[in-house]
Amino acid sequence: MQLPRLLLTTTFRLALIYLGLFLILVLFLLGFVYWTTSGVADRQIDDTIEAEITGLAEQYRLRGLGGLSDVVAERSRNQRYSLYLLTGPGGFALAGNLNAWPDAQSGAAKPDAAGWFDFSYRRPVAGDFETHRARARHLLLGNDFDLLVGRDVEERHRIDQVLRASIAWAVALTLGLGLLGGIVFSRNVLRRIEAITRASRDIMAGDLRRRLPRSGSDDEIDRLAGSLNDMLEEIERLVTSMREVTDNIAHDLRSPLTRLRNRIEVTLLKEASPAEYRAALDETVAEVAGLLDTFNGLLAIARAEAGRPEGTPEPFDLSAAVNDMVELYAPVAEEKALSLTGDVVAGLTLMGFRQLMSQALGNLIDNAIKYTPEGGTISVTLNRGELIVADSGPGIPEADRDRVLDRFVRLEASRNSPGSGLGLSLVRAVARLHGAELILEDNNPGLRVILRFAPDSLDGAPR
Ligand SMILES: Nc1ncnc2c1ncn2[C@@H]1O[C@H](COP(=O)(O)OP(=O)(O)OP(=O)(O)O)[C@@H](O)[C@H]1O
Ligand SMILES: [Mg+2]
Numbered sequence: 519m520q521l522p523r524l525l526l527t528t529t530f531r532l533a534l535i536y537l538g539l540f541l542i543l544v545l546f547l548l549g550f551v552y553w554t555t556s557g558v559a560d561r562q563i564d565d566t567i568e569a570e571i572t573g574l575a576e577q578y579r580l581r582g583l584g585g586l587s588d589v590v591a592e593r594s595r596n597q598r599y600s601l602y603l604l605t606g607p608g609g610f611a612l613a614g615n616l617n618a619w620p621d622a623q624s625g626a627a628k629p630d631a632a633g634w635f636d637f638s639y640r641r642p643v644a645g646d647f648e649t650h651r652a653r654a655r656h657l658l659l660g661n662d663f664d665l666l667v668g669r670d671v672e673e674r675h676r677i678d679q680v681l682r683a684s685i686a687w688a689v690a691l692t693l694g695l696g697l698l699g700g701i702v703f704s705r706n707v708l709r710r711i712e713a714i715t716r717a718s719r720d721i722m723a724g725d726l727r728r729r730l731p732r733s734g735s736d737d738e739i740d741r742l743a744g745s746l747n748d749m750l751e752e753i754e755r756l757v758t759s760m761r762e763v764t765d766n767i768a769h770d771l772r773s774p775l776t777r778l779r780n781r782i783e784v785t786l787l788k789e790a791s792p793a794e795y796r797a798a799l800d801e802t803v804a805e806v807a808g809l810l811d812t813f814n815g816l817l818a819i820a821r822a823e824a825g826r827p828e829g830t831p832e833p834f835d836l837s838a839a840v841n842d843m844v845e846l847y848a849p850v851a852e853e854k855a856l857s858l859t860g861d862v863v864a865g866l867t868l869m870g871f872r873q874l875m876s877q878a879l880g881n882l883i884d885n886a887i888k889y890t891p892e893g894g895t896i897s898v899t900l901n902r903g904e905l906i907v908a909d910s911g912p913g914i915p916e917a918d919r920d921r922v923l924d925r926f927v928r929l930e931a932s933r934n935s936p937g938s939g940l941g942l943s944l945v946r947a948v949a950r951l952h953g954a955e956l957i958l959e960d961n962n963p964g965l966r967v968i969l970r971f972a973p974d975s976l977d978g979a980p981r
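Residue numbers (my numbering): 519 to 981.
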C-alpha cells in the first residue's frame, strides 16, 4: 500500500484536522504554563533585588557611605547568588563581589529607566572561571557614587532552557504520535475499502456469488457492505432467474417448435386434399396456441419474479377473489365427481395484484382437480394468515416438493395428464411478490399447499 494514497484518504485528512486542533490546544496550554511559571520566577528575582536595594538605601541614609560600604562588603562575603558593587568617582570599586562595573563587553545593555539591566560576568567556580548570566539594578547614590545590586540568574536560565526543551519535545511527540495514529487508522480503513473494491471487481468480472467482506465490527463500513450484499443477493436472484428463463426457452420450447416445423414439412412433402391440409393447419394452430400459452406463462413468471408484473399494486378484496375462483372451478370439479368446498373469512384485504393472485389460486385448484382421482375432496381455506388449498389425491413425495416449484418440472406420475409444468412456478413467484411463504405439506392423504402471509399483511374487519 503506497503512502501517497494513504494520505489522500478521508480518514487521514480528518486525523490531520484533529491533530491540528489538538496541537493548537497543546501549544496554548504549554505556552500558558511556561509564561506563568517563567514570569513568576523573573518577578521573584526582581522583587529580591528590589528589597535588597531598599535595605541598602536605608543603610546609606542612616549610616552614610562608610556604613553602606561595610554592609556591602559583609553581604558580599556570604551571599552565593547576590551580586554587589559599590563604586566611587571614576568607577573605582569600593566594595562588593564584582570586580568592575559591567560594560558593553560583558553584554550589558544600557539600563532602562528604572535602572534594570542584564549582563554576564565571570565567576570563580572550583578554582576556575565560568561565565554566568546576571540581572541587576543600578542605584545612583550622588557625588559620583554608584551602587549595583544584582543576582546570578544562570540557574534560572538553565531551568528555562529545560522548560523550553520539554515544550518542544511535547509538541514534537504530539505531532509524531498524531501522524502515526492517523496513518495507522487510515491504513486500516483503506485496507478494508480495498478489500471491498477487490470483491466488487470480482463481482463485475462475473463472479455473482461473491460477497463483500465484513469485519464483524458492525460499524458504518460493515453496515454499508451488508446492504450492498443484500442488494447483490437480489441481483443474483434476478440474474439467475433470467438465465433460467432463457435456458428454459432454449430447451423446452425448442422441441415443440421443431415438432411443429417437422409436421408442416411432412404435410408439404406430398400432395394432399384440402381436408387434410385443413386438419394439419388445425393441429398447427392448436400447437401454436399452446406455445403462446407457455410463452405468456414464462413471461408472467419472470415479471412476477423480477417484482415488475403488469399493473400497479393496490389493495383488493382477497376473500372475494378466493370465492370467485372456487365458484369458477365448481363445475369442473363437479364434472369429475370431486367435492370442492370453500371456507373463507370474509372481508380480508390484501395489498398487491388481484389478477395474479387469482391466477395463482386458479393454478392450485386446477392441480388439485387434475391430480385428484374421482370422488376425492378439495378444500380451499382463507383465514387471517393463510390461504390453503388441500386435496385428497396422491400428493407430492417430500423429496420432490422443492423441485416441482421450478419451471417445466412435472412428476413421472402426471405424465399422462396435460400441462407444461409452469403452474407451481407462477404460484411461487406470486407468493414471493406478495411477501407470502409457500409451503407444500402432506395432507394425509393428498397435498396441502399453504400461502402464509406476513403478519398483519391481511387487513380485515375484526373477527
Ligand atoms: N395437487 C397435486 N397433487 C399431486 N401432484 C401435484 C399436485 N400439484 C402439482 N403436482 C405435481 O407437480 C407438478 C408440477 O405442477 P405444476 O402445476 O407446476 O405443473 P402442471 O400442473 O404439470 O402443468 P401446468 O400447471 O403448467 O398446466 C405436476 O406435474 C404434478 O406432478
Ligand atoms: Mg398445474
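No residue lacks a Cβ here, since even glycine has one placed at the ideal position from N, Cα and C.
Source: prediction; values computed, not measured.
Assumed close pair residue i, residue j - CB separation to whole angstroms, cut-off 8 Å
{"i": "Ala839", "j": "Ser897", "result": "At roughly 17 Å, the Cβ-Cβ gap does not stay under 8 Å, so Ala839 and Ser897 are not in contact."}
{"i": "Leu969", "j": "Ala947", "result": "About 12 Å separates the two Cβ atoms, so there is no contact after all."}
{"i": "Arg523", "j": "Tyr599", "result": "No, Arg523 and Tyr599 are not in contact; Cβ-Cβ is about 60 Å, not under 8 Å."}
{"i": "Leu976", "j": "Gly903", "result": "7 Å"}
{"i": "Leu965", "j": "Asp909", "result": "6 Å"}
{"i": "Leu604", "j": "Leu612", "result": "5 Å"}
{"i": "Ile571", "j": "Arg674", "result": "Not quite, the Cβ-Cβ distance comes to about 19 Å (not below 8 Å), so this is no contact."}
{"i": "Arg728", "j": "Ala717", "result": "6 Å"}
{"i": "Thr812", "j": "Leu940", "result": "7 Å"}
{"i": "Leu856", "j": "Gly894", "result": "5 Å"}
{"i": "Glu892", "j": "Lys854", "result": "6 Å"}
{"i": "Ala820", "j": "Ser759", "result": "7 Å"}
{"i": "Asp636", "j": "Arg651", "result": "7 Å"}
Buried/exposed call for residue i, threshold 16 Cβ in 10 Å
{"i": "Glu823", "result": "buried"}
{"i": "His952", "result": "buried"}
{"i": "Asn596", "result": "exposed"}
{"i": "Met722", "result": "exposed"}
{"i": "Ala917", "result": "exposed"}
{"i": "Phe871", "result": "buried"}
{"i": "Gly913", "result": "buried"}
{"i": "Ile567", "result": "buried"}
{"i": "Asn617", "result": "exposed"}
{"i": "Val702", "result": "exposed"}
{"i": "Phe550", "result": "exposed"}
{"i": "Asn780", "result": "exposed"}
{"i": "Tyr847", "result": "buried"}
{"i": "Arg981", "result": "Only weak support is given to the placement of Arg981: the predicted model assigns it a pLDDT of 47, under 50, and the question is left unresolved by the model."}
{"i": "Asn706", "result": "exposed"}
{"i": "Phe540", "result": "exposed"}
{"i": "Tyr536", "result": "exposed"}
{"i": "Ser735", "result": "exposed"}
Heavy atom of ligand 1 within 8 Å of residue i beta-carbon
{"i": "Ser773", "result": "no"}
{"i": "Lys788", "result": "no"}
{"i": "Pro912", "result": "yes"}
{"i": "Tyr889", "result": "yes"}
{"i": "Gly815", "result": "yes"}
{"i": "Val850", "result": "no"}
{"i": "Ser935", "result": "yes"}
{"i": "Val927", "result": "yes"}
{"i": "Val844", "result": "no"}
{"i": "Leu965", "result": "yes"}
{"i": "Asp748", "result": "no"}
{"i": "Gly894", "result": "no"}
{"i": "Val948", "result": "no"}
{"i": "Ser897", "result": "no"}
{"i": "Asp909", "result": "yes"}
{"i": "Ser932", "result": "yes"}
{"i": "Ser745", "result": "no"}
{"i": "Ser943", "result": "yes"}
{"i": "Gly939", "result": "yes"}
{"i": "Val763", "result": "no"}
{"i": "Val702", "result": "no"}
{"i": "Val862", "result": "no"}
beta-carbon residue i near ligand 4 non-hydrogen atom, thresh 8 Å
{"i": "Val922", "result": "Among the ligands modelled here, namely ligand 1 and ligand 2, ligand 4 does not occur."}
Query - Under 6 Å, CB to nearest heavy atom of ligand 2: contacting residues - result: Residues whose Cβ lies closer than 6 Å to any heavy atom of ligand 2, listed in chain order: Asn881, Asp884, Asn885, Gly937, Gly941.
Report task. Mind listing, in chain order, the continuous beta strand (DSSP E) runs of no fewer than 3 residues lying wholly within the region 550–636? Result -> Every beta strand (DSSP E) of 3 residues or more that sits fully in the region 550–636 is shown, in chain order, as 600–605, 611–614.
**Report entry** beta strand (DSSP E) runs wholly inside the region 850–875, at least 3 long, in chain order
**Finding:** Listed in chain order, the complete beta strand (DSSP E) runs (minimum 3 residues) inside the region 850–875 are 857–862, 867–870.
Query raised in the report: In chain order, which continuous runs of the alpha helix (DSSP H) of length 4 or greater are located wholly inside the region 766–791?
Result: Runs found: 772–787.
Query raised in the report: Going along the chain, which unbroken runs of the alpha helix (DSSP H) with 4 or more residues stay wholly within the region 643–713?
Result: Whole alpha helix (DSSP H) segments, 4+ residues: zero.
Requested in this report: May I have a chain-ordered list of the alpha helix (DSSP H) segments no shorter than 4 residues that lie completely inside the region 803–858?
Outcome: Secondary structure remark: continuous alpha helix (DSSP H) runs of at least 4 residues inside the region 803–858, in chain order: 836–853.
Query - Completely contained alpha helix (DSSP H) runs for the region 927–962, where each covers 4 or more residues - result: The region 927–962 contains these whole alpha helix (DSSP H) runs: 941–951.
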